[in-house]
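All residue numbers for the sequence shown refer to the numbering used here, where the first residue is 2 and numbers rise by one. Yeah, the Cβ is synthetic: ideal placement off N, Cα and C, and Gly gets one too. The structure under discussion appears below in the form of structure tokens.
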Amino acid sequence: MLRLENLAKLYGLKVVFKGVSCRFTAGSITLLAGGNGAGKSTLLRIIAGLSRPSAGEVIFDGTGAGGVAREDGPRLAYLGHATFVYPGLSALENLQFWARAHGLRPSRAELLALLEHVGLAAHAEERAGVFSRGMAQRLNLARVLLLDADLVLLDEPGTGLDVNSMALVRREMLAARERGACVIVVSHDLAGDSPLADRLLLLENRRLAYDGPPQGLAAVDSVLNTATGNVAASTAGEVPA
Numbered sequence: 002m003l004r005l006e007n008l009a010k011l012y013g014l015k016v017v018f019k020g021v022s023c024r025f026t027a028g029s030i031t032l033l034a035g036g037n038g039a040g041k042s043t044l045l046r047i048i049a050g051l052s053r054p055s056a057g058e059v060i061f062d063g064t065g066a067g068g069v070a071r072e073d074g075p076r077l078a079y080l081g082h083a084t085f086v087y088p089g090l091s092a093l094e095n096l097q098f099w100a101r102a103h104g105l106r107p108s109r110a111e112l113l114a115l116l117e118h119v120g121l122a123a124h125a126e127e128r129a130g131v132f133s134r135g136m137a138q139r140l141n142l143a144r145v146l147l148l149d150a151d152l153v154l155l156d157e158p159g160t161g162l163d164v165n166s167m168a169l170v171r172r173e174m175l176a177a178r179e180r181g182a183c184v185i186v187v188s189h190d191l192a193g194d195s196p197l198a199d200r201l202l203l204l205e206n207r208r209l210a211y212d213g214p215p216q217g218l219a220a221v222d223s224v225l226n227t228a229t230g231n232v233a234a235s236t237a238g239e240v241p242a
């Protein structure tokens with residue numbers, strides 16, 4: 002579905018990362034980890050088309066979820082640090098706007114059901130500008146679900162969310178994989194996210210330092226220390242739960 006070919010990103014003379022090459026397949030969940038400033042969010046923005054690489058290419062094969070070819074390539078949904086919420090519009094109006102922007106025509110009932118799914122049914126007619134960070138993030142999640150995308154890019158989706166809302170995010174990650182989507186997640190909660198994932202990428206020292214299963218014994222301790230700053234499992238070689 003997606004290939005990264007020798008990607009590099011520089012800001013002036015500062016190299017964020019270079020030589021990043023990998024392939025992503027449909028029906029998979031990939032975690033993207035690394036320390037602060039490693040370039041995780043930058044890489045995700047490049048994949049989303051929101052930032053240009055300094056070198057290299059992002060290549061889509063035009064195949065959507067379930068192997069169905071799309072003339073315009075895969076449909077993409079991106080959840081970043083910015084909420085993309087229009088403060089002067091209600092929660093319902095935000096979803097209506099996003100739907101129209103993507104050529105979708107869901108019914109009012111369908112949008113209200115989606116808001117109920119993310120716990121915002123009681124706030125459907127409220128202006129999004131008064132929402133808390135967590136409520137805005139749930140509205141952003143509703144936008145992602147609305148698109149039913151082939152490629153789902155989530156940058157620290159747990160920002161501002163409580164435990165129950167984060168559990169919803171993880172259920173939706175699994176549901177997206179089940180229907181054949183490719184899901185890429187920037188994660189700082191590897192202990193919680195790793196059991197869901199098929200693959201882990203670690204950006205470290207300006208390069209792709211690890212590409213393999215989250216349970217890779219040699220990598221997990223390093224990743225946990227790098228990405229979270231936490232002490233790794235006390236038993237040598239033990240894979241954290």
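Among 210, 173, 215, 209, whose alpha-carbon lies nearest the alpha-carbon of residue 190? 215
Nearest by alpha-carbon distance to residue 34: which of 187, 117, 173, 11 is it? 187
Backbone secondary structure at residue 156 - three-state DSSP: strand
Whole angstroms are fine: how far does the CA of residue 203 sit from the CA of residue 5? 15 Å
Compare the C-alpha of residue 46 against each of 177, 136, 11, 154 and name the closest. 154
Between 30, 39, 21, 2, which has its C-alpha nearest residue 15's C-alpha? 39
Evaluate residue 157 with the Cβ neighbour count: other Cβ atoms within 10 Å of its Cβ, from every protein chain shown; 16 or more gives buried, anything less gives exposed. buried
Give me the residue from 196, 200, 176 with the minimum Cα distance to residue 185. 200
Between the alpha carbons of residue 113 and residue 42, how many angstroms are there, rounded? 31 Å
Reduced DSSP category for residue 49 - H, G, I as helix; E, B as strand; rest coil: helix
Skipping 5 residues on each side, what residues in its chain have a beta carbon closer than 8 Å to that of residue 29? 178, 183, 184, 199, 200
According to the neighbour-count rule (16 or more other Cβ atoms, all chains shown, within 10 Å of its Cβ), is residue 60 buried or exposed? exposed
Less than 7 Å between the beta carbons of residue 150 and residue 78, yes or no? yes
When you compare only the Cα positions, how much space is there between residue 242 and residue 27? Reliability fails at residue 242, whose pLDDT of 36 lies under 50, so the model's placement of it is uncertain and the value that follows must be treated cautiously. Residue 242 and residue 27: Cα-Cα distance of roughly 26 Å.
Leaving out five residues before and five after residue 95 in sequence, what residues of the same chain have Cβ atoms less than 8 Å from its Cβ? 86, 87, 129, 140, 144
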